[in-house]
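Working notes, structure below.
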Amino acid sequence: MLTLKKYSNIARFQSLIALFLMCLALALMTDNFMTTDNFWNVMRQISVNVCISVGMTLVILTAGIDLSVGSILAFCGAVTAGLLKYGIAIPEVNLFVGFTVFGVIVSGFVAGGALGFVNGYAITKFKVPPFVATLAMLTMARGFTMLWTKGHPITGLGESFGFLGTGWFLGIPMPVWVSGLVVIIAVVVTSKTRFGRYIYAIGGNENAARLSGIPINKIKIWVYVLAGVLAAVGGLLVTARLDSAQPNAGISYELDAIAAVVIGGTSLAGGRGTILGTVLGAVIIGVLNNGLVLLDVSPFWQQVIKGLVILLAVIIDKTNKRGE
Amino acid sequence: MLPLLEVRNITKKFSGVTALNEVTLQLEPGKVTALIGENGAGKSTLLKIMSGIYMDYEGDILYKGQNTKFSKPKDAHDLGISIIHQELNLIPHLTVAQNIFLGRELVTKLGFLDRKGMIKKSKSLLEKLKLNVDPQALISSLKVGQQQVIEIAKALLTESEVLFMDEPTSAIGEGEVEVLFKIINQLREEGKAIVYISHKLDELFTLADNFVVLRDGNEVGNGSMKNISRDQLINMMAGREVKISKKAIRKTNEKQVLHVQNLELQNPENPQRPILRDINFSLYKGEVLGIYGLMGAGRTELSECLFGLHHKTLSGLIKLEDVECNFKNPIEAINAGMALVPEDRKSDGIVPGMSVAKNISLTVQNKIEKFGFLNAGLESKLYDKHVGALKIKVSSEEQLIKNLSGGNQQKVVLAKWIERNPTVLMLDEPTRGIDINAKNEIYELIARLSEKGISLIVISSEIPEILSVSDRILVMSEGRLTAEFSSDEATEHNIMQACIPETIN
Chain A
191 MLTLKKYSNI
201 ARFQSLIALF
211 LMCLALALMT
221 DNFMTTDNFW
231 NVMRQISVNV
241 CISVGMTLVI
251 LTAGIDLSVG
261 SILAFCGAVT
271 AGLLKYGIAI
281 PEVNLFVGFT
291 VFGVIVSGFV
301 AGGALGFVNG
311 YAITKFKVPP
321 FVATLAMLTM
331 ARGFTMLWTK
341 GHPITGLGES
351 FGFLGTGWFL
361 GIPMPVWVSG
371 LVVIIAVVVT
381 SKTRFGRYIY
391 AIGGNENAAR
401 LSGIPINKIK
411 IWVYVLAGVL
421 AAVGGLLVTA
431 RLDSAQPNAG
441 ISYELDAIAA
451 VVIGGTSLAG
461 GRGTILGTVL
471 GAVIIGVLNN
481 GLVLLDVSPF
491 WQQVIKGLVI
501 LLAVIIDKTN
511 KRGE
Chain B
4 MLPLLEVRNI
14 TKKFSGVTAL
24 NEVTLQLEPG
34 KVTALIGENG
44 AGKSTLLKIM
54 SGIYMDYEGD
64 ILYKGQNTKF
74 SKPKDAHDLG
84 ISIIHQELNL
94 IPHLTVAQNI
104 FLGRELVTKL
114 GFLDRKGMIK
124 KSKSLLEKLK
134 LNVDPQALIS
144 SLKVGQQQVI
154 EIAKALLTES
164 EVLFMDEPTS
174 AIGEGEVEVL
184 FKIINQLREE
194 GKAIVYISHK
204 LDELFTLADN
214 FVVLRDGNEV
224 GNGSMKNISR
234 DQLINMMAGR
244 EVKISKKAIR
254 KTNEKQVLHV
264 QNLELQNPEN
274 PQRPILRDIN
284 FSLYKGEVLG
294 IYGLMGAGRT
304 ELSECLFGLH
314 HKTLSGLIKL
324 EDVECNFKNP
334 IEAINAGMAL
344 VPEDRKSDGI
354 VPGMSVAKNI
364 SLTVQNKIEK
374 FGFLNAGLES
384 KLYDKHVGAL
394 KIKVSSEEQL
404 IKNLSGGNQQ
414 KVVLAKWIER
424 NPTVLMLDEP
434 TRGIDINAKN
444 EIYELIARLS
454 EKGISLIVIS
464 SEIPEILSVS
474 DRILVMSEGR
484 LTAEFSSDEA
494 TEHNIMQACI
504 PETIN
């Protein structure tokens, strides 16, 4: 019994151990992995994926999936950049609305939340499977982005906006502040609030949750709205860092997010997993990406290795679960 | 005559509980044998052993005099033993012919599907069964009764010698029953051995040559259908040596809490046969109302209707404490004071991957909140209170509920509703799959809750359970209430009388 408990403790920390071993190996094999510059570089790179992955975790905990986050990211980035640069002008009624930086950020979040709401509404009211509903949104949101940008990047957004992506505050890059805040809020929400508890209950057994009086549809819609808002946060960071909203931003970001969630030990069947696990998953992917570049591994092999890591993580997780 | 299939001294245990005890049965060619017994008497278990689904049992199976051991269902099937299950096992989006040949497809010399051959063979099978449908029609376009005949066609495809039919008429209409009986008679003339399970005794008297009665896993009678009366059969099914301790009757001059009038639940798949109809009853404060019915009588659906499910297909009046209720979902029902402990604990009652403490607090999240955040201390207190009061055996509050025994899981489900202090608590099969000690504790709990003034509805398919917990008993059959007994009027015999469907004519 005691050994079993000990074993499960090790199992809980094995991704942390894996990460540690990976860092150790990279430190020995390369000269510039263990430098402050590289550390903040990795952290800044993963911050976008962390934001999206947190939203993805919430969705997957309810036994759903959200394939549209990459497209929503691009759309929200474009909306933010477009409003900041051009505002809203309606010459017919002689109207022009300009936006402050704060205003465009809020607008981006609203746009992300609205698209997420459409996902949630289709999934709960019309019983469209999450895979299909969000696949449709993946296409639609990309189309909206192209319409909004007319297919061209929106650039030159100003220094105060760019600060969000490239600036430093108290020795820490701004994107890391933002993603850190997102993580802290998400940890509290999932572990300390009724909303979080209901998310786990719905993913664990939707029938039992419904018969216990949990408002299934309401919770699910909110989860997709949050996933949309967090994709908008990601879009904000990407746009600010590049000082440009690219119509092709965020392509296949949903896959990186799902990978982080899965490596973090969240079950795709729902009901089991944690935000911190996902953060760890995102860090592992980030360090792996960074390490492979530093080791000068060919980009083609990088993809193969990343895929293998995902597969391995899930196989180990499954084996542990069987042992329980 | 040499029996086609014979089982000798079959004993089967499920984790220590005896489901079948030394059962012996002989099936002769050209005879229909009726297998009779209450729910849980062991009929299905016996069927599953004889058709190779359960492999670990004690005793012998002899096929045409040869000792046989099946190692998988296909073994039994290959010998010519077919089972027609109560639920239809057809794939709706495939055609009739594709379903008949599922898993046994004919192939051409080149290895491709022999579509023409299969359609031709299906056609001749359907002709034999006098079913006039196109073999290329989709199963989903057929009526339920026709689908039942397709199931029989599947069984006949492999030239079965022995056919088990588990309640084949439970889902079909009267005209279709007649056709089915003709088919069965024809099969009998061809020398097949048929086992027929049904709760409808009249059907058995028209069809069967022999009968075997099971009760609590024991064989309590067998013989020829000609030499037995309906009453004698019912006595055999119900008669029990053990005396049942009936509970003391409570005065029922209390206030009326729940009133149900003309409740009707439509069946979208078969509008002619509503799932529930003409349901009228009242429930009084602090009363324990038992509802007894065989499988498919509509008892579970009744409880679901009172809990806000099936809102769209339901009509009639429900009054809770003199307020007319029209619950659209469980949330409204729960807020009005209803509670339901569902029949299928694993799929509807618990969140298996969550801890015991979290399962208990699921219905009362507001009670463990402080300043809008869940408070671990308050949750622990709630856990301690119920684990102590209900004697739940659990190692810690973090223990996952799926690792608890059935009885303890059920106590957790009860705890989450007790904490809400409901006006009406409905328990659907509260002791299914639970050991005897936990059973008794749950009976005591039911009595305690009723003394506290909670009105309870206890649904059960075990007569002794209904008799020992109820103040008043309603009996359901085929979607209707067929009888009402006060606790001192009720006996196993008259409950059994009232729950057996009268149909076919």
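Top to bottom, those sequences are chains A and B. Residue 204 in the numbering used here sits at position 14 of the first sequence, and the numbers go up by one each step. Residue 77 in the numbering used here sits at position 74 of the second sequence, and the numbers go up by one each step. Note that CB positions come from ideal geometry on N, CA and C, so glycine has one too. In this text, all values refer to a predicted model and were calculated from it rather than measured experimentally.
Beta carbon of residue i nearer than 9 Å to that of residue j
| i | j | result |
| --- | --- | --- |
| residue 30(B) | residue 196(B) | yes |
| residue 369(A) | residue 494(A) | no |
| residue 474(B) | residue 490(B) | yes |
| residue 9(B) | residue 64(B) | yes |
| residue 469(B) | residue 186(B) | no |
| residue 404(B) | residue 355(B) | yes |
| residue 443(A) | residue 318(A) | no |
| residue 250(A) | residue 448(A) | yes |
| residue 260(A) | residue 242(A) | yes |
| residue 58(B) | residue 75(B) | yes |
| residue 317(B) | residue 427(B) | no |
| residue 304(B) | residue 313(B) | yes |
| residue 383(A) | residue 377(B) | yes |
| residue 156(B) | residue 134(B) | yes |
Chain-order list of residues whose beta-carbon lies under 7 Å from that of residue i (same chain, five-residue window excluded)
| i | result |
| --- | --- |
| residue 505(A) | none |
| residue 203(A) | none |
| residue 238(B) | 496 |
| residue 438(B) | 410 |
| residue 17(B) | none |
| residue 40(B) | 46, 216, 217, 218, 240 |
| residue 88(B) | 169 |
| residue 291(B) | 449, 453, 459, 461, 472, 473, 474 |
Cβ neighbours of residue i in the same chain (closer than 6 Å, five flanking residues each side left out)
| i | result |
| --- | --- |
| residue 323(A) | 309, 312, 313 |
| residue 497(B) | none |
| residue 501(A) | none |
| residue 480(A) | 232 |
| residue 207(A) | none |
| residue 503(A) | 453 |
| residue 216(A) | 223, 481 |
| residue 446(A) | 239 |
| residue 509(B) | Here chain B has residues from 4 to 508 only, and residue 509(B) is not among them. |
| residue 225(B) | 215 |
| residue 302(B) | 294, 296, 462, 479 |
Reference residue i; option with closest CA among the options
| i | options | result |
| --- | --- | --- |
| residue 363(B) | 180(B), 390(B), 101(B), 374(B) | 390(B) |
| residue 163(B) | 329(B), 146(B), 190(B) | 190(B) |
| residue 137(B) | 168(B), 103(B), 113(B) | 103(B) |
| residue 431(A) | 206(A), 205(A), 227(A), 235(A) | 235(A) |
| residue 476(B) | 156(B), 238(B), 499(B), 225(B) | 499(B) |
| residue 245(A) | 268(A), 292(A), 410(A), 355(A) | 410(A) |
| residue 227(B) | 207(B), 432(B), 429(B) | 207(B) |
| residue 507(A) | 466(A), 254(A), 456(A) | 456(A) |
| residue 127(B) | 106(B), 112(B), 367(B), 99(B) | 99(B) |
| residue 153(B) | 388(B), 113(B), 95(B), 15(B) | 95(B) |
| residue 68(B) | 140(B), 4(B), 167(B) | 4(B) |
| residue 24(B) | 467(B), 121(B), 221(B), 504(B) | 221(B) |
Residue(s) in a DSSP beta bridge with residue i
| i | result |
| --- | --- |
| residue 218(B) | 221(B) |
| residue 437(A) | Note: residue 437(A) sits in no beta bridge, so no partner. |
| residue 293(B) | 461(B), 476(B) |
| residue 366(A) | Looking at the DSSP assignment, residue 366(A) forms no beta bridge with any residue, so it has no partner. |
Proximity test, residue i beta-carbon vs the ligand GTP heavy atom, cut-off 8 Å
| i | result |
| --- | --- |
| residue 495(B) | Absent from the structure shown: the ligand GTP. Ligands present: none. |
Residues of its chain near residue i, where Cβ-Cβ distance is below 8 Å and the 5 sequence neighbours each way are ignored
| i | result |
| --- | --- |
| residue 160(B) | 103, 104, 107, 124, 128 |
| residue 361(B) | 354, 382 |
ask   = When the Cβ atoms of the segment 330 to 345 of chain A are set against those of the segment 431 to 438 of chain A, are three or more pairs found closer than 8 Å?
value = yes
request  = Determine contact between the segment 331 to 339 of chain B and the segment 279 to 290 of chain B, defined as no fewer than three beta-carbon pairs at a distance below 8 Å.
outcome  = no
ask   = Per the contact definition of three or more C-beta pairs closer than 8 Å, is the segment 454 to 461 of chain A in contact with the segment 390 to 399 of chain A?
value = yes
query = Touching or not, the segment 411 to 418 of chain A and the segment 345 to 360 of chain A, by the rule of three or more beta carbon pairs under 8 Å?
reply = no
query = On the three-pair Cβ rule with 8 Å, is the segment 199 to 216 of chain B touching the segment 25 to 41 of chain B?
reply = yes
task = May I ask you to verify whether the segment 320 to 340 of chain A touches the segment 358 to 366 of chain A, counting CB pairs closer than 8 Å and requiring at least 3?
result = no
task = Answer yes if the segment 364 to 383 of chain B comes into contact with the segment 415 to 426 of chain B, meaning at least three C-beta pairs across the two stretches below 8 Å, and no otherwise.
result = yes
ask   = Any contact of the segment 259 to 276 of chain A with the segment 466 to 474 of chain A, i.e. 3+ C-beta pairs under 8 Å?
value = no
ask   = Would you call the segment 263 to 272 of chain B and the segment 448 to 460 of chain B in contact, with 3 or more CB pairs under 8 Å?
value = no
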